[in-house]
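Protein chains: 2
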Amino acid sequence: MRTIMNHRSIRKYKSDTIDESILNDILLAGTRASTTGNMQVYSIIVTTDQEVKKQLSPCHFNQGMVTQAPVVLTFCADFNRFNKWCLLRKANPGYDNFLSFFTAAIDALLVAQNVCIAAEEKGLGICYLGTTTYTADKIIDILKLPKGVVPVTAVVLGYPEEIPELTDRLPLASIVHKDIYHDYSVGDIDQMYSAKESLPLIQKLLNENGKETLAQIFTDNRYTKKDNVAFSKILLKVLEQQGFMNNEM
Amino acid sequence: MRTIMNHRSIRKYKSDTIDESILNDILLAGTRASTTGNMQVYSIIVTTDQEVKKQLSPCHFNQGMVTQAPVVLTFCADFNRFNKWCLLRKANPGYDNFLSFFTAAIDALLVAQNVCIAAEEKGLGICYLGTTTYTADKIIDILKLPKGVVPVTAVVLGYPEEIPELTDRLPLASIVHKDIYHDYSVGDIDQMYSAKESLPLIQKLLNENGKETLAQIFTDNRYTKKDNVAFSKILLKVLEQQGFMNNEM
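Taken in order, these protein sequences are the chains called A and B. Note that this note's numbering has the first sequence beginning at 1, numbered continuously upward. Note that this note's numbering has the second sequence beginning at 250, numbered continuously upward.
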């Protein structure tokens with residue numbers, strides 16, 4: 001609980017490597033996560049080779065931590081192993097569709113969070129790389145992911161060189177709905193986002209970006225429609241190419 | 250770590266309700282998960298009303314635990330709140346596309362796993378409901394989810410009435426790849442699945458299902474192509490209907 005409540009994303013790492021047995025314990029903790037039908041349709045690529053990390057770096061927009069941290073974990077939806085097993089056991093796998101991709105993605109993501117919590121409990125720091133889905137096509141090439149395998153998230157792992165402040169969160173009441181969804185009024189939104197909007201660093205951020213509101217920094221700079229549309233196309237093409245878009249009998 | 254390693258899915262619950270403050274602590278632990286750009290584009294529907302749980306029950310194939318457990322948590326990808334905020338702040342949200350859905354789904358799933366671990370640490374039991382994506386259209390109606398909101402997983406929560414055995418897992422080496430993906434040989438697959446295939450209850454299962462191999466039970470009974478294709482169509486239609494498939498500028 002303390003580990004979960006103290007989570008912060010770490011973006012600066014010491015050069016210390018991670019002991020093999022510690023890494024193993026962490027990965028093993030990952031495998032204890034629930035998966036659909038206990039099928040375990042995911043894989044974890046554990047990249048420590050500096051050369052491969054350098055190749056991955058542009059996929060993660062050249063964030064320094066990708067080459068600085070000793071380990072990059074790429075969590076993949078993976079039906080390749082399961083399909084191979086089926087075919088070797090006179091069974092006809094029907095997992096080349098969108099539902100199966102999403103099922104495998106859920107597996108991979110629950111495992112990822114287990115791994116991160118286990119890592120933090122062992123004194124390591126982590127940072128998720130949201131860029132993974134944006135450049136899935138390139139990551140597939142670099143990590144040589146076969147058909148049936150799609151990277152869904154990645155995490156850098158290492159000993160923290162910094163301990164940043166806890167980041168802000170919306171009030172719990174803005175996230176949680178009692179029994180059914182209760183849609184938000186203008187007043188609700190104002191109230192829920194007011195603490196975030198009045199953080200001390202926001203004014204500086206607005207000045208730097210020449211923007212009037214924090215929301216505009218998200219829509220115009222950080223997560224633009226143009227990028228989202230381009231990345232949507234890439235991701236949908238990747239699903240097709242990796243054999244997950246045969247949605248007819 | 251102990252909590253993670255001792256996870257088992259609980260399918261039988263005591264009738265005891267969950268203390269409000271305990272439930273709050275658990276949900277708060279959920280909100281500490283990393284989310285893309287700290288946007289927190291997810292919501293949690295906390296259903297305790299017996300009437301609403303009864304309505305949800307068929308969506309989860311009438312598994313008894315849905316009405317038996319005191320709480321059902323439905324984790325949703327949610328851009329509705331963020332979009333409303335943007336529009337109220339003179340910002341033009343570009344989050345009506347597939348990438349944005351998947352980003353929000355990642356948020357919701359990492360939060361879900363945090364919630365589950367926190368719950369287990371407090372002595373509660375959990376079970377994921379993989380049925381959530383199969384019947385997302387009906388869940389949307391029952392929980393009154395507006396445009397921009399899609400249920401991605403659900404969890405039942407309560408005090409365990411049983412403590413089942415830990416379930417089997419594939420050997421760690423079958424899940425983990427060093428540096429890049431190393432595809433599986435026939436020998437690899439045989440070795441990786443041999444422990445699973447020789448579990449004592451498998452022969453009973455094969456006899457009951459009239460099948461020759463365990464893999465056939467998955468492909469022919471549990472997760473069939475016919476179902477997967479039907480559920481794929483539902484899920485893709487849901488994404489369209491909830492406003493996440495506008496993948497052009």
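Cβ coordinates follow ideal geometry from the N, Cα and C atoms, glycine included.
Burial state of residue 324 of chain B is buried, judged by a 10 Å Cβ sphere holding 16 or more other Cβ atoms. For residue 94 of chain A, there is no enclosing beta strand (DSSP E), as DSSP gives it neither H nor E. Per DSSP, the beta-bridge partners of residue 177 of chain A are B:294. Contact of residue 4 of chain A with chain B is assigned, a C-beta pair being separated by under 9 angstroms.
Excluding residues up to 5 positions away in sequence, 29, 30, 33 lie with their Cβ nearer than 6 angstroms to the Cβ of residue 114 of chain A in the same chain. Within the segment 310-338 of chain B, contact with chain A at the beta-carbon level (separation under 7 angstroms) is assigned to 330, 333, 334, 335, 337, 338. With its beta carbon at least 9 angstroms from every one in chain B, residue 209 of chain A lies outside the interface. Per DSSP, reduced to three states, the secondary structure at residue 394 of chain B is coil, with no helix or strand assignment. Here residue 78 of chain A carries a strand assignment [DSSP, helix/strand/coil].
Taking C-alpha positions only, residue 357 of chain B is separated from residue 127 of chain A by approximately 17 angstroms. Interface annotation, residue 9 of chain A: in contact with chain B, CB-CB separation under 9 angstroms. Within chain A, no residue has its beta carbon less than 9 angstroms from that of residue 368 of chain B; the closest one is some 10 angstroms off. Ranking B:489, B:486, B:355 by CA distance to the CA of residue 289 of chain B puts B:355 first. Neighbours of residue 464 of chain B in chain A, taken as residues at a C-beta separation under 7 angstroms, are given in chain order as 85, 86, 89, 91. Counting other Cβ atoms within 10 Å of its Cβ, residue 17 of chain A stays below 16 and is therefore classed as exposed.
Our two residues, residue 378 of chain B and residue 211 of chain A, have alpha carbons roughly 43 angstroms apart in a direct line. When C-alpha distances from residue 249 of chain A are compared across B:480, B:466, B:352, the shortest belongs to B:480.
Bounds of any alpha helix (DSSP H) do not take in residue 472 of chain B, whose DSSP letter is neither H nor E. The beta carbon of residue 492 of chain B sits closer than 7 angstroms to the beta carbons of 345, 396, 397 from its chain, once the five residues preceding and following it are set aside; these are given in chain order. Taking C-beta atoms as the reference points, residue 328 of chain B and residue 310 of chain B fail to come closer than 9 angstroms.
Annotation: residue 429 of chain B to residue 421 of chain B spans about 16 angstroms, alpha carbon to alpha carbon.
Put simply, the backbone Cα of residue 35 of chain A is about 8 angstroms away from that of residue 110 of chain A.
Less than 9 angstroms separates the beta-carbon of residue 8 of chain A from that of residue 125 of chain A. At least one beta carbon of chain A lies nearer than 9 angstroms to the beta carbon of residue 289 of chain B.
Proximity of residue 482 of chain B to chain A, defined by a Cβ-Cβ separation below 9 angstroms, is satisfied. With a threshold of 16 other beta carbon atoms within 10 Å, residue 3 of chain A meets it and is buried. Around residue 424 of chain B, the beta-carbon contacts reaching into chain A at under 9 angstroms are 27, 30, 31, 40, 42, 43, 44, 78, 81, 111. At least one C-beta of chain B is nearer than 9 angstroms to the C-beta of residue 146 of chain A.
Chain-order list of chain A residues neighbouring residue 429 of chain B: 45, 47, 52, 142, 143, 144, by C-beta distance under 8 angstroms. At a cut-off of 9 angstroms, the C-beta of residue 94 of chain A has a neighbouring C-beta in chain B. A direct Cα-to-Cα measurement between residue 484 of chain B and residue 383 of chain B gives close to 7 angstroms. Against residue 13 of chain A, chain B offers no close residue; the least beta-carbon distance is about 16 angstroms (beta-carbon pairs closer than 7 angstroms).
Within the segment 6-76 of chain A, the complete alpha helix (DSSP H) runs of at least 4 residues fall at 20-31, 50-56, 65-68. Distances from the alpha-carbon of residue 301 of chain B to those of B:353, B:263, B:434, B:319 put B:319 closest. Within 8 angstroms of the CB of residue 438 of chain B, the CB atoms of chain A belong to 81, 84, 85, 88, in sequence order along the chain.
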